[in-house]
Amino acid sequence: MWLKFSVIVLGMWAIGAAAWGIVPWFEIQRWAVGEQRTFQNVMASALRSIQAGNSQAAWTLCSATAAYGFFHALGPGHGKVLIGGASLASGATLIRLSTITFLSSLAQAATAIILVGGFYFILQIGSADLTDLTETWLAPASYLTIAAIGAVLIFRGARSWHQMSQVKQATHGCCGHAHGPSVNDVATLTSTRDAVALIASIAVRPCTGALFVLVISARFDAFAVGCLAVVTMGLGTAFFNQMVATSGVAARWLIGLGARNHKGMQAISATLHLTVGFMIIALSVGMLLP
Amino acid sequence: MMLSAVCLGGVTKAHPHVFVDARTGFVFGSDRQLEAIKISWLYDEFTTLVLFETLELDLDQDGQLNDSDRIKILEGETNWPQDYKGDIYLEVLGQDYPLGRPKTAAVKLDANQIEVTFDLPLSKPTEVDSSPILLRLYDPFFYFAYTIVSVEASPDLPEDCEAQIVHFDPTAAESVLQDKLAALGREDRPEIENVGRLFSDEVQLTCG
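Residue numbers (the numbering used here), protein chains in the order written: chain A, 118 to 407; chain B, 471 to 678.
Structural data, given as structure tokens:
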């Protein structure tokens with residue numbers, strides 16, 4: 118049992134390390150940061166244009182925020198970690214994962230709109246306090262929820278391993294007609310409850326860029342345009358996370374090729390749960406640290 | 471796991487929102503000692519709008535900064551909290567060299583970008599010789615992304631002194647980082663140096 122576990126884990130690390138070595142991460146990061154800077158400036162001039170009464174600039178703003186959302190997502194962020202991990206470990210279909218990805222980005226945009234709409238307009242709280250609130254409370258809340266999801270994955274993976282070993286002992290002692298737990302026992306994200314938890318953990322923390330677009334547009338008396346721009350920003354982010362989810366599902370499929378039977382598949386799924394769970398916790402704890 | 475959390479955390483926090491084009495310069499005394507650093511921060515257009523919003527600048531909406539706007543900006547930009555060093559790091563003989571607080575600060579708005587300039591005195595003037603003094607600008611959390619765009623040739627720079635920009639080299643930074651992470655695995659207690667400095671441009675100042 119432990120041998121099998123170690124083989125699967127080692128295999129996954131080898132694939133991961135190879136991917137890490139081949140892809141020029143630093144170059145990609147630098148390129149993404151450069152693009153983000155470009156689109157951030159386009160956003161600024163579009164906002165100034167809107168203030169000057171040029172309503173066409175709303176389209177420029179929305180395209181720029183969409184591109185910003187995409188390139189900003191290329192940087193490290195909490196949504197990706199979770200979406201990538203979930204698509205690797207879960208039993209959800211690609212269509213289901215895509216829906217969850219889009220919903221989580223839209224929900225994140227909605228959080229920004231509600232925050233600015235509520236706090237800025239009704240309670241008259243300034244944007245500096247608003248970003249403080251986001252960084253001091255919402256960001257840690259989001260990481261804690263994400264870490265909790267990691268813990269759930271670990272728990273499910275461990276439970277599955279435990280059940281498998283028990284079934285093995287049972288079949289030894291008896292006449293061999295004991296049924297192993299079905300793959301569904303460890304398949305995560307196939308329930309609505311799982312999906313909602315995942316979306317909420319991402320959505321609780323809005324992007325600072327989105328908050329700024331909203332407060333600036335509010336100051337320029339164009340809050341509605343700002344809301345639209347933040348939604349397109351969310352779509353840009355979703356588009357990138359969609360690529361992450363697709364790669365995750367593809368990687369899961371590749372790993373699954375190694376399984377010879379139903380039981381092998383279950384062992385792999387359980388191991389993926391454990392590995393991904395630990396990765397998610399490690400990353401979110403890393404983000405929480407000062 | 472905590473170890474990987476610390477390592478990954480340091481690297482993965484990279485997520486800039488504010489872009490700063492920085493100009494630097496060196497101020498020498500009559501005795502050829504380095505006395506202060508000249509700094510200029512040119513903020514990107516979006517951050518400029520954010521500053522206008524957060525500090526409630528330009529209330530008369532004429533698109534210009536007036537005196538009260540300038541006071542508000544300089545208060546935030548140069549009246550640093552005790553634990554903030556302005557993201558400015560001077561390295562002399564391999565050691566972090568203590569710096570003072572901003573002096574003779576000024577701010578202007580040029581082509582929709584706010585620019586803040588000031589002098590940062592060294593805690594104590596120092597000799598400069600052939601071993602380079604390094605000036606780096608970086609935010610350890612990479613919320614601010616600094617690019618050093620120029621070194622101003624100050625009139626009092628001694629003739630035999632030279633200041634040049636060495637831009638951040640991703641390949642070199644990556645290999646240094648990997649060496650560091652590899653070294654971490656062998657030691658019991660991880661001591662992570664600031665990862666941010668690996669990703670920063672630097673100015674090298676040498677004399678003689």
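Just so it is clear, CB atoms sit at the ideal spot from N, CA and C, and this is done for glycine as well.
- Contacts with chain A at 8 Å (Cβ-Cβ) do not include D532 of chain B.
- Between the C-alpha atoms of V490 of chain B and Y616 of chain B there is a straight-line separation of about 5 Å.
- About 5 Å separates the Cβ atoms of D589 of chain B and T574 of chain B, confirming a contact at the 8 Å cut-off.
- R147, V150, Q153, R154, Q157, N158, M160, A161, S162, L164 and R165: these are the residues of the segment 147-172 of chain A whose beta carbon lies less than 8 Å from some beta carbon of chain B, given in chain order.
- Judged by their CB atoms, V342 of chain A and A175 of chain A are nearer to each other than the 8 Å cut-off.
- Non-local C-beta neighbours of A506 of chain B in its own chain, meaning closer than 7 Å and more than five positions away in sequence, comprise V497, D589, L590, P591 and L592, ordered along the chain.
- Annotation for I584 of chain B: the continuous beta strand (DSSP E) segment containing it runs Q583 to T596.
- Listed by position along chain A, the residues whose Cβ is nearer than 7 Å to that of L519 of chain B are A161, L164 and I333.
- None of the residues of the segment 209-242 of chain A has a beta carbon lying less than 9 Å from any beta carbon of chain B.
- It is roughly 29 Å from the alpha-carbon of A134 of chain A to the alpha-carbon of M281 of chain A.
- Relative to the Cα of P551 of chain B, the nearest Cα in the group B:P486, B:R571, B:T596 and B:L512 belongs to B:R571.
- Non-local C-beta neighbours of G373 of chain A in its own chain, meaning closer than 8 Å and more than five positions away in sequence, comprise M382 and I385, ordered along the chain.
- One thing to note: I271 of chain A has its Cβ within 8 Å of the Cβ of H390 of chain A.
- Given a length threshold of 4 residues, the segment 130-166 of chain A has no whole run of the alpha helix (DSSP H) inside it.
- For F329 of chain A, the enclosing alpha helix (DSSP H) begins and ends at T325 to R336.
- Among the residues of chain B, those whose CB is under 9 Å from the CB of G326 of chain A are H487 and F516, following chain order.
- What N582 of chain B touches in chain A, judged by beta-carbon distance under 8 Å, is A161, S162 and R165, going in chain order.
- Using a CB distance cut-off of 8 Å, A492 of chain B does not count as an interface residue toward chain A.
- As computed with DSSP, T548 of chain B is found in no beta bridge at all.
- In the DSSP assignment, T218 of chain A falls within the unbroken alpha helix (DSSP H) covering L211 to L232.
- In the pairwise beta carbon analysis, the segment 617-626 of chain B is classified as not touching the segment 530-550 of chain B: fewer than three pairs are separated by under 8 Å.
- The continuous beta strand (DSSP E) containing K578 of chain B extends over residues K573 to D580.
- DSSP places Y559 of chain B within a strand segment (E or B) once states are collapsed to three.
- Per DSSP, S500 of chain B is not a residue of any alpha helix (DSSP H), being assigned neither H nor E.
- Judged by DSSP secondary structure, S207 of chain A falls outside any alpha helix (DSSP H); it is assigned neither H nor E.
- Against S244 of chain A, the close residues of chain B are V520, E523 and T524, in the order they occur along the chain (beta-carbon pairs closer than 9 Å).
- For T524 of chain B, the enclosing alpha helix (DSSP H) covers residues E515 to T524.
- For the pair H487 of chain B and T325 of chain A, the CB atoms are nearer than the 8 Å cut-off.
- Flagged as an interface residue toward chain B: F329 of chain A, by a C-beta distance shorter than 8 Å.
- At a beta-carbon threshold of 7 Å, the residues of chain B lying near R336 of chain A are E523, ordered along the chain.
- Rounded to whole angstroms, the Cβ separation of Y237 of chain A and A335 of chain A is 6 Å, and the two are in contact under 8 Å.
- The three-state reading of DSSP puts L527 of chain B in coil, since its state is none of H, G, I, E or B.
- Look at G235 of chain A here: in three-state DSSP terms it is helix.
- Residues of chain A with a Cβ closer than 8 Å to the Cβ of A623 of chain B do not exist; the shortest Cβ-Cβ separation is about 27 Å.
- Contact annotation: the segment 304-321 of chain A touches the segment 215-233 of chain A, with at least three C-beta pairs closer than 8 Å.
- Of all alpha-carbon atoms in B:F638, B:S670 and B:S500, the one lying nearest the alpha-carbon of D609 of chain B is that of B:S670.
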